[in-house]
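The structure appears right after this line, and notes come after that.
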Amino acid sequence: MTTAPLAEGSGESSGGEPATHFMVQFDKVVKKFGEQVVLDELDFTVTPGERVTLIGPSGSGKTTILRLLMTLERVTSGHIWVDGDPLSHMWQGGSLVPANEKHLRATRTKIGMVFQQFNLFPNMRVLRNVTEAPMCVLGLSKDEATERARELLEMVGLADKAGAYPSQLSGGQQQRVAIARALAMQPKILLLDEVTSALDPELVADVLNVLRDLAQTTDITMLCVTHEMQFARDISHRVLMFDKGRIVEEAPPEQLFSAPQHDRTKSFLRAVLEAH
Amino acid sequence: MWDWDNAIEVFPLILKGLQVTLIATVFGAALSYVLGLIFALLRMSRLGWIRTITYWVVEFIRTTPLVVQLFFLFYFFVPNVLGIRPADPLLVGIIGLGLHYAGYTSEVYRAGIEGVPRGQWEAATALSLPQARVWRAVILPQAIPKVLPALGNYTIAMFKETPLLIVLGGVNEMVNMAKGFGGRQFSYVEAYTEVAAVFLVLSISAALLVQLMERRLGRQRV
Chain A
0 MTTAPLAEGS GESSGGEPAT HFMVQFDKVV KKFGEQVVLD ELDFTVTPGE
50 RVTLIGPSGS GKTTILRLLM TLERVTSGHI WVDGDPLSHM WQGGSLVPAN
100 EKHLRATRTK IGMVFQQFNL FPNMRVLRNV TEAPMCVLGL SKDEATERAR
150 ELLEMVGLAD KAGAYPSQLS GGQQQRVAIA RALAMQPKIL LLDEVTSALD
200 PELVADVLNV LRDLAQTTDI TMLCVTHEMQ FARDISHRVL MFDKGRIVEE
250 APPEQLFSAP QHDRTKSFLR AVLEAH
Chain B
0 MWDWDNAIEV FPLILKGLQV TLIATVFGAA LSYVLGLIFA LLRMSRLGWI
50 RTITYWVVEF IRTTPLVVQL FFLFYFFVPN VLGIRPADPL LVGIIGLGLH
100 YAGYTSEVYR AGIEGVPRGQ WEAATALSLP QARVWRAVIL PQAIPKVLPA
150 LGNYTIAMFK ETPLLIVLGG VNEMVNMAKG FGGRQFSYVE AYTEVAAVFL
200 VLSISAALLV QLMERRLGRQ RV
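As you go down the protein sequences, you meet chains A and B in turn.
Residue numbers for the first sequence follow numbering that gives the first Met the number 0, so the first one is 0 and each next one is one higher.
Residue numbers for the second sequence follow numbering that gives the first Met the number 0, so the first one is 0 and each next one is one higher.
Next comes the structure, spelled out in structure tokens:
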């Protein structure tokens with residue numbers, strides 16, 4: 000482990016990982032809310048360093064995938080694996096049993112999430128928002144955490160806002176702080192849940208540029224739910240099209256966006272393009 | 000009829016009584032803030048049986064009269080459970096007021112805690128913050144400022160209920176002092192009028208303070 004705020008390495012390569020190693024693996028994952036089936040025996044994998052965009056109509060289960068990974072929801076059945084370890088379950092006497100709170104606490108540190116509504120802590124200044132978890136969870140000293148936070152705030156272009164309260168920032172600025180806050184925990188996987196949906200249009204670009212930079216300069220694994228198709232095309236290696244809790248089509252972005260195969264994908268993309 | 004000599008003579012006694020009234024209010028309020036928060040947190044415990052027990056304790060406190068609780072504390076709880084014999088009436092009064100009002104403040108805290116957006120919990124989870132830290136650093140600092148006016152209102156209500164401690168005997172708060180003086184002079188009107196005036200002035204001042212607090216909180220964008 001380095002103390003640099005970002006994992007080293009750049010570009011597409013995930014650096015010598017065996018091909019069989021997945022950063023994320025969904026194995027027949029079912030998620031129901033009451034009678035409603037949100038994810039229907041979903042299988043998919045993400046390799047280390049891969050950036051995957053999830054698209055699809057609302058209610059198709061994309062956000063639920065991120066929330067399951069962040070352990071904000073529990074699977075109804077099936078298994079989720081993260082970086083070789085079970086996430087939804089844990090080993091007990093040679094078999095997998097549903098994870099307890101302790102196991103979830105230990106495994107979720109590999110994952111960071113940025114939310115649609117930012118969810119910064121309004122009672123803390125920007126700097127403390129970014130230093131709180133590294134100090135409290137990773138045990139960094141105040142100086143180390145502050146140094147890391149300042150580097151990250153620099154990266155998102157908000158070095159001068161360290162002393163501000165979230166309510167004094169624009170939505171776009173708050174979201175960039177939220178990105179810095181998530182990265183301060185040095186997660187292996189970053190989940191982006193419609194991170195620009197709550198923003199005024201003129202603030203979207205700043206946030207997306209930060210994420211583009213991040214994609215270019217690090218090999219952090221990203222799962223991204225977005226309606227920004229150009230952004231998805233720019234950063235992702237692969238796009239998954241969801242409908243009714245299943246993947247209906249997956250392909251590299253240039254292929255999926257220019258030559259979608261499935262009718263559901265075609266109509267969805269048409270609808271999104273018209274809306275913009 | 001109104002006698003100015005009586006009115007002037009009793010006033011220092013009333014002020015002396017006011018000290019006891021304020022002691023009962025301040026310590027009773029402090030106890031109700033602390034106990035109420037503890038009740039509120041226990042009501043949200045992950046363990047079902049703790050939630051159930053706390054629910055019934057709070058319900059019991061809120062649905063039985065304060066005066067009955069005071070007698071229970073005075074004759075049973077403080078001498079036999081806390082082992083303070085004979086039970087000091089003022090101490091019993093403070094515990095009684097604090098416990099009784101904790102039943103109400105716990106609901107106030109609960110509303111405040113439930114008012115913190117779910118996204119705050121989720122962000123804290125996403126950062127792997129331990130539960131205790133989430134409460135202390137994220138949830139309570141957002142919940143408590145919002146409920147300060149409501150806590151203030153209950154404190155004013157408690158202040159006005161301090162004369163009830165008269166039933167314990169030997170708590171020389173304002174009303175008891177007025178009663179004693181009236182009995183000696185065969186004239187109650189001056190003493191009770193002054194007591195009422197003191198309550199009026201202090202309650203209104205406190206209410207204005209609470210209003211000011213509400214307005215300041217309303218302006219915060221948190």
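Backbone N, C-alpha and C define an ideal beta-carbon position, used for all residues, glycine too.
For a contact meaning CB atoms closer than 7 Å, what does Arg214/B contact in chain A?
-> Here residue 214/B refers to the residue found at position 215 when the second sequence is read from its first residue. Correct list: empty, because the minimum Cβ distance to chain A is about 18 Å.
Report yes if the C-beta distance between Val209/A and Arg175/A is below 9 Å; otherwise report no.
-> Indexing the first sequence from 1 puts residue 209/A at position 210. Indexing the first sequence from 1 puts residue 175/A at position 176. Yes, Cβ-Cβ distance for Val209/A and Arg175/A is below 9 Å.
Inter-stretch contact (C-beta, 8 Å, three-pair minimum) for the region 171 to 178 of chain B and the region 187 to 207 of chain B = yes
Report the partner residues of Leu239/A according to the DSSP bridge assignment.
-> Start at 1 with the first residue of the first sequence, and residue 239/A comes out as number 240. Leu53/A, Glu249/A, per the DSSP bridge assignment.
Going by DSSP, what residues sit across from Ile110/A in a beta bridge?
-> The residue labelled residue 110/A in the question sits at position 111 within the first sequence. DSSP lists Ile188/A as partners of Ile110/A.
Separation of Lys61/A from Val36/A, as counted between CA atoms | Position 37 of the first sequence, counted from the start, is the residue given in the question as residue 36/A. Position 62 of the first sequence, counted from the start, is the residue given in the question as residue 61/A. Roughly 13 Å between the two C-alpha positions.
What number of angstroms, rounded off, separates the C-alpha of Trp90/A from the C-alpha of Val23/A?
-> Position 91 of the first sequence, counting from 1, holds the residue named residue 90/A. Position 24 of the first sequence, counting from 1, holds the residue named residue 23/A. Roughly 18 Å between the two C-alpha positions.
Take Ala148/A as the anchor and find which of Cys135/A, Ala183/A, Pro121/A has the nearest alpha-carbon.
-> To locate residue 148/A, count along the first sequence from 1; it is residue 149. The shortest Cα separation from Ala148/A among Cys135/A, Ala183/A, Pro121/A belongs to Ala183/A.
Output the distance between the C-alpha atoms of Ile79/A and Ile54/A, rounded to the nearest integer angstrom.
-> As a position in the first sequence, residue 79/A is number 80, starting the count at 1. As a position in the first sequence, residue 54/A is number 55, starting the count at 1. Ile79/A and Ile54/A: Cα-Cα distance of roughly 20 Å.
CB-CB under 7 Å to Leu103/A, same chain, minus the five flanking residues each way: which ones, in chain order?
-> Locating residue 103/A in the first sequence gives position 104, counting from the first residue. The answer, listed in chain order, is Thr70.
Express the C-alpha separation of Ala105/A and Ala125/B in angstroms, rounding to a whole number.
-> As a working note, residue 125/B is residue 126 in the second sequence. As a working note, residue 105/A is residue 106 in the first sequence. Rounded to the nearest angstrom, the two C-alpha atoms are 12 Å apart.
In three-state DSSP terms, what is Trp120/B?
-> Here residue 120/B corresponds to residue number 121 of the second sequence, with the count starting at 1. Trp120/B: helix per DSSP, three-state reduction.
Find out if the Cβ-Cβ distance for the pair Leu213/A, Leu189/A is shorter than 9 Å.
-> Here residue 213/A is taken as the residue at index 214 of the first sequence, counted from 1. Here residue 189/A is taken as the residue at index 190 of the first sequence, counted from 1. For Leu213/A and Leu189/A, yes; Cβs fall inside 9 Å.
Start and end of the beta strand (DSSP E) containing Leu222/A?
-> As a working note, residue 222/A is residue 223 in the first sequence. Run containing Leu222/A: 220 to 224, per the beta strand (DSSP E) assignment.
Are the beta-carbon atoms of Ala206/B and Ser105/B separated by less than 9 Å?
-> Residue mapping note: residue 206/B aligns to position 207 of the second sequence, counting from 1. Residue mapping note: residue 105/B aligns to position 106 of the second sequence, counting from 1. Taking 9 Å as the Cβ cut-off, Ala206/B and Ser105/B do not qualify as a contacting pair.
Spell out whether any CB of chain B is found under 9 Å from the CB atom of Glu150/A.
-> The residue you call residue 150/A lines up with position 151 of the first sequence. Closer than 9 Å: no.
So which residues on chain B does Gly111/A lean against when the C-beta distance must stay under 9 Å?
-> Within the first sequence, the letter at position 112 stands for residue 111/A. The answer, in chain order, is Ala125, Leu126.
Which bits of chain B does Arg245/A rub up against, with CB to CB less than 7 Å?
-> Reading the first sequence from its first residue, position 246 is the one you call residue 245/A. Result: empty, since nearest Cβ-Cβ is about 26 Å, beyond 7 Å.
Within this structure, are the beta carbons of Ala177/B and Val9/B separated by less than 9 Å?
-> The residue given as residue 177/B occupies position 178 in the second sequence. The residue given as residue 9/B occupies position 10 in the second sequence. For Ala177/B and Val9/B, yes; Cβs fall inside 9 Å.
Min CB distance Arg132/B to chain A below 9 Å | Counting from one through the second sequence, the residue named residue 132/B turns up at place 133. For Arg132/B, the answer is yes, since a Cβ of chain A falls inside 9 Å of its Cβ.
Any heavy atom of the ligand SAH closer than 8 Å to the CB of Met176/B?
-> Annotation note on the ligand SAH: not contained in the displayed structure, which lists no ligands.
To which residues of the same chain is Gly171/A closer than 6 Å at the C-beta, ignoring the five residues directly before and after it?
-> Within the first sequence, the letter at position 172 stands for residue 171/A. Answer for Gly171/A: Leu198, Leu202, Asp205, Val206, listed in chain order.
Would you decide whether Val33/B is buried or exposed? Buried here means 16 or more other CB atoms lie within 10 Å of its CB.
-> As a working mapping, residue 33/B is identified with position 34 in the second sequence. That one is exposed.
Hey, Asp42/A and Phe25/A: beta-carbon distance below 9 Å or not?
-> Against the first sequence, residue 42/A aligns to sequence position 43. Against the first sequence, residue 25/A aligns to sequence position 26. For Asp42/A and Phe25/A, yes; Cβs fall inside 9 Å.
From which residue to which residue does the alpha helix (DSSP H) around Lys8/B run?
-> Counting from 1 along the second sequence, the entry for residue 8/B is found at position 9. Looking at the sequence provided, one finds Glu at residue 8/B rather than Lys. Counting along the chain, the alpha helix (DSSP H) containing Glu8/B begins and ends at 3 to 42.
Is Val67/B buried or exposed, if buried means 16 or more other CB atoms sit within 10 Å of its CB?
-> As a position in the second sequence, residue 67/B is number 68, starting the count at 1. Flag for Val67/B reads exposed.
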